[in-house]
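Letter 458 of the sequence shown, counting from 1, is numbered 457 in numbering that gives the first Met the number 0, and no numbers are missing. Yeah, the Cβ is synthetic: ideal placement off N, Cα and C, and Gly gets one too. All of these numbers come straight from a predicted model, not from anything done at the bench. So the structure is just underneath, and the comments pick up after that.
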Amino acid sequence: MCGIVGYTGCREAYPILIKGLHRLEYRGYDSAGTALFSENYGNLNIFKASGKVSDLEKAAEGHDRSGSMGIAHTRWATHGSPNVANAHPHVSQSGDITLVHNGIIENYAVLRDQLKAKGFTFKSQTDTEVLVQLIEFIRTTQETDIVNAVRLALTKAIGAYAIVVMDKRTPDVLVAARNASPMVIGIGENDSEFFIASDASPIAEYTNRMVYLNDGEVAVCVKGSPLKVLNLENDSVEAKVKKVNLDLNMLDKGGFPHFMLKEIFDQPNVLKDCLRGRLLPEHQRVILSAVTEHREELLNAKRFIVVSCGTSWHAGLIGKQLIEDFCQIPVEVAYASEFRYANPVVGPGDIVIAISQSGETADTLAAINLAKAKGAMIFGIVNAVGSSIARHTDTGTYIHVGPEIGVASTKAFTGQVTVLIMLALALAHEKKSISTASYQEVLAELALIPEKIEKVLEQNDKIKTLASRYAECRNFLYLGRGVNYPVALEGALKLKEISYIHAEGYPAAEMKHGPIALVDEDMPVVFIATHHQLYEKVVSNMQEVIARKGKILAIVTEGDELVKKMVDEVIEVPQTLNCLAPLLTVIPLQILAYHIAVAKGLNVDMPRNLAKSVTVE
Ligand code: F6R
């Protein structure tokens, strides 16, 4: 979703801004723009393009791109189509003030009518333009400076925002602010230059000293002066500097044609990172510091409620089965977007588990804030270190799988499931609801998962060949049972989001209650049929599909001769314990979706209409 970059200091701003926008491309966007303050002529030079950052670079080519202060933006359209007029930065009526914005100003229509009545005209359909005009209106009518004008304007804005503002009258000054949309400020050389962005990835190569703004804070970044942070009441707030070290290699494709494929292949290594220091097979223990520190609250929980969205919600469904099975603690799994408006029955004694890759999903953040206000404890399972959700939880466990750039989530899913398995094991061990033998068996098997994933990845070429046969299909059904039911949902989601093929996931036994009507010779059905106690029942469901001439692709346990003889295609995964099966069975489904999308010539890393970080509700 929208991305922001800003710079003020002694370097040329344009290359920093463009490189930063490229780093943010993974968030998903449909237009881009930049504004530069040129010291030579005191001009604001603004360039915009619909499409990609490379289109913006073409639009700026041959023009004056000089200046050591500027702002830039990638826009994911919400109010108004993705054209040049709606692209950011937006400029105030006088041409003095420019602004980039992530989020949504919910009362923009009322504000726009008020401003129109004062003589302001609007060039775009965006809510953002209203904000920049409002800032100008306040600055002119109250004869105040840009910092005050921004602060006062924000007291009138309702909604979510991260903004950076630049004023021609005060060169060297960038004003940044946030409410429910992330904003990071990197402090550069000699404390005299500032890098501003919607996440740390555009900043990491210049500095590791970062300040994450909190809701309702305004940062004043003046070249050559220390960073100043205010709240909306104009009181000074302490700027807490954090050391954030991002591995820049993780932000590159590392020789793969797409981030998604790289991230699929990253899984053995990043899961080792996720397990490192937590799974201690030699000591036959799993240790999560959050469980050690909050042992009593966790063991005495009335229930757990998982709140999350999309792929993270699928991970939550697996977590529910594992925690209930191992710990006998009831677990509910809610879509964060539904939970936040449902007036949910939640309070002290409940533990809300928020699962999020980005840590910035607006619905998940709102759900945890609601649960917290009602007295629940919040446990985060988050990938992005220092993200808003991570900072709003009471405790939690990072998944530590490195930045995920491909819009379709892959390694974050297996990381989330891995953390949930460790959480279930750690709690069950403390609660003594698992036998020592079972605990140690799962632990030992979990340690082997990364190398078993390697074996699944060896089938990449075979799956690629299969994929070319399925690329023309219009519909897919994915079926699984138990822990493999959420994997079916995840396989279907992966396929639809990057290949635009309609796909549905179902519990295999539900097929006969409706979806079976869809089955014919043109309907591929993907079964996840690894060895577990319901294997025979899944095989019976396959017979029902075969009887209706459906084509079956089955994910089976290595050496399964029965299914091999029955169905059109099989992909084998190594034998493992049923509770760990999703970590293996999801891998071929990720690879299949990837190759089908590539065979269709689609933009795998940035599928249409999707954003990586969904910071609006
Ligand atoms: C699917 C996908 C989305 C996200 C969802 C939640 O591949 O990436 O469904 O899982 O938007 O995002 P996070 O986990 O960042 O809260």
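Do W312 and A335 count as a contact pair if the criterion is CB distance below 9 Å? Taking the first residue of the sequence shown as 1, we reach residue 335 at position 336. Taking the first residue of the sequence shown as 1, we reach residue 312 at position 313. A contact, by the Cβ cut-off of 9 Å.
Could you tell me the distance, in whole angstroms, from the CA atom of F46 to the CA atom of A58? Locating residue 46 in the sequence shown gives position 47, counting from the first residue. Locating residue 58 in the sequence shown gives position 59, counting from the first residue. The C-alpha of A58 is placed about 7 Å away from the C-alpha of F46.
I need the straight-line Cα distance from P170 to R10, nearest angstrom please. Mapped onto the sequence shown, residue 170 falls at position 171. Mapped onto the sequence shown, residue 10 falls at position 11. Roughly 14 Å separates the two Cα atoms.
Output the residue ranges of the beta strand (DSSP E) runs that lie fully inside the region 519-555 and measure 3 residues or longer, sorted by chain position. Assignment of beta strand (DSSP E) within the region 519-555, counting only whole runs of 3 or more residues, yields 523-528 in chain order.
Residue burial classification, H72 (beta-carbon count within 10 angstroms, cutoff 16): Numbered from its first residue, the sequence shown carries residue 72 at position 73. Here H72 is buried: its Cβ has 16 or more other Cβ atoms, across all protein chains shown, within 10 Å.
Counting C-beta neighbours from all protein chains within 10 Å, is the total for K51 16 or more, i.e. buried, or is it exposed? The count along the sequence shown starts at 1 and reaches residue 51 at position 52. Burial call: buried.
When you compare only the Cα positions, how much space is there between D166 and F193? For the purposes of this step, residue 166 is taken as the residue at position 167 of the sequence shown. For the purposes of this step, residue 193 is taken as the residue at position 194 of the sequence shown. Going by the C-alpha atoms only, they are around 16 Å apart.
Using the Cα positions of V345 and L278, report the straight-line distance between them to the nearest angstrom. Counted from its first residue, the sequence shown places residue 345 at position 346. Counted from its first residue, the sequence shown places residue 278 at position 279. Using only the alpha carbons, I get a separation of about 32 Å.
Per DSSP, what kind of secondary structure is T33 in: helix, strand or coil? The residue you call residue 33 lines up with position 34 of the sequence shown. The three-state secondary structure of T33, taken from DSSP, is strand.
Count the other C-beta atoms from every protein chain shown that fall within 10 angstroms of the C-beta of V418, then say buried if there are 16 or more, exposed otherwise. Here residue 418 refers to the residue found at position 419 when the sequence shown is read from its first residue. Counting the other Cβ atoms within 10 Å of the Cβ of V418 gives 16 or more, which makes it buried.
Give the secondary structure of T120 by DSSP, where H, G and I count as helix, E and B as strand, and everything else as coil. Your numbering for residue 120 matches position 121 in the sequence shown. The answer is coil: DSSP assigns T120 none of H, G, I, E or B.
From the DSSP secondary-structure annotation, give me the bridge partner or partners of G69. Looking up residue 69 in the sequence shown gives position 70. Y6 and L35, per the DSSP bridge assignment.
Pull up the distance between the alpha-carbon of L476 and that of V306, whole angstroms please. Looking up residue 476 in the sequence shown gives position 477. Looking up residue 306 in the sequence shown gives position 307. Distance between the alpha carbons of L476 and V306 is about 26 Å.
Inspect the CB distances between the region 400-407 and the region 372-380 and report whether three or more fall short of 8 Å. Not touching, per the Cβ criterion.
Between which two residues does the beta strand (DSSP E) carrying P485 extend? Taking the first residue of the sequence shown as 1, we reach residue 485 at position 486. Note, P485: premise wrong, no beta strand (DSSP E); alpha helix (DSSP H) at N483 to S498.
Check whether the region 532-551 touches the region 508-523, taking contact to mean three or more Cβ pairs, one atom from each stretch, closer than 8 Å. Yes, since at least three Cβ pairs between the region 532-551 and the region 508-523 fall closer than 8 Å, the two stretches touch.
Between I134 and V615, is the Cβ-Cβ spacing less than 9 Å? Reading the sequence shown from its first residue, position 135 is the one you call residue 134. Reading the sequence shown from its first residue, position 616 is the one you call residue 615. Note that the C-beta distance between I134 and V615 is not below 9 Å.
What residue from R339, L260 and N474 has the CA that sits closest to V603's CA? Taking the sequence shown and counting its residues from 1, one reaches residue 603 at position 604. For V603, the nearest C-alpha among the options comes from L260.
So what does M209 bridge to, in DSSP terms? As a position in the sequence shown, residue 209 is number 210, starting the count at 1. Answer is G185 and K241.
I'd like to confirm something about C308: is its beta-carbon nearer than 8 Å to some heavy atom of ligand 1, or not? Stepping through the sequence shown from its first residue, residue 308 is reached at position 309. Within 8 Å of the C-beta of C308 there is at least one heavy atom belonging to ligand 1.
Which runs of the alpha helix (DSSP H) fall wholly inside the region 96-120 and span at least 4 residues, in chain order? Counting only runs of 4 or more, we get 107-116.
Span of the beta strand (DSSP E) holding H293? To locate residue 293, count along the sequence shown from 1; it is residue 294. First-last for H293: undefined, no H or E at that position.
Count the other CB atoms within 10 Å of the CB of T154; is the residue buried (16 or more) or exposed (fewer)? On the sequence shown, position 155 is the one that residue 154 refers to. A residue is called buried when at least 16 other Cβ atoms come within 10 angstroms of its Cβ; T154 does not meet this threshold and is exposed.
Tell me whether K550 is buried or exposed, calling it buried when 16 or more other Cβ atoms sit within 10 Å of its Cβ. Locating residue 550 in the sequence shown gives position 551, counting from the first residue. Residue environment for K550: buried (at least 16 other C-beta atoms within 10 angstroms of its C-beta).
What does a CB cutoff of less than 7 Å around M249 pick up in its chain, not counting 5 residues either side in sequence? As a working note, residue 249 is residue 250 in the sequence shown. G401 and P402.
I want to check one thing, is the minimum distance from the CB of V613 to the heavy atoms of ligand 1 below 8 Å? Your numbering for residue 613 matches position 614 in the sequence shown. Shortest gap from the CB of V613 to any heavy atom of ligand 1: under 8 Å.
Distance, L23 Cα to V482 Cα: Within the sequence shown, residue 482 is the residue found at index 483, counting from 1. Within the sequence shown, residue 23 is the residue found at index 24, counting from 1. Approximately 34 Å between the Cα atoms of the pair.
Run the CB neighbour count on A372, radius 10 Å, all protein chains shown included, and call it buried at 16 or more, exposed below. The residue labelled residue 372 in the question sits at position 373 within the sequence shown. An exposed status is given to A372, since fewer than 16 other beta-carbon atoms sit within 10 Å of its beta-carbon.
Rounding to the nearest angstrom, what Cα-Cα distance links E210 and G490 in this structure? Stepping through the sequence shown from its first residue, residue 210 is reached at position 211. Stepping through the sequence shown from its first residue, residue 490 is reached at position 491. Correcting the residue identity first, residue 210 is Val in this sequence and not Glu. A direct Cα-to-Cα measurement between V210 and G490 gives close to 38 Å.
Does the region 455-463 come close enough to the region 315-323 to have 3 or more Cβ pairs within less than 8 Å? Judged by Cβ distances under 8 Å, the region 455-463 makes no contact with the region 315-323, as fewer than three pairs qualify.
Alpha carbon to alpha carbon, what distance is there between I554 and Y469? Numbered from 1 along the sequence shown, position 470 holds the residue referred to as residue 469. Numbered from 1 along the sequence shown, position 555 holds the residue referred to as residue 554. Whole-angstrom Cα-Cα distance: 16 Å.
Determine the DSSP secondary structure at D246, reduced to helix, strand or coil. Residue mapping note: residue 246 aligns to position 247 of the sequence shown, counting from 1. DSSP places D246 in coil when its eight states are reduced to three.
Where G19 and A466 are concerned, what is the direct C-alpha to C-alpha distance, given to the nearest angstrom? Translated into the one-based positions of the sequence shown, residue 19 becomes position 20. Translated into the one-based positions of the sequence shown, residue 466 becomes position 467. A straight-line Cα-Cα distance of about 35 Å links G19 and A466.
Within 9 Å, strictly: CB atoms of S123 and H89: Here residue 123 is taken as the residue at index 124 of the sequence shown, counted from 1. Here residue 89 is taken as the residue at index 90 of the sequence shown, counted from 1. Between S123 and H89, the C-beta gap is smaller than 9 Å, which places the two residues in contact.
Closer than 8 Å: A496 CB and nearest ligand 1 heavy atom: Mapped onto the sequence shown, residue 496 falls at position 497. Reading off the sequence shown, one finds Glu at residue 496, where the question assumed Ala. Relative to ligand 1, the nearest heavy atom lies less than 8 Å away from the CB of E496.
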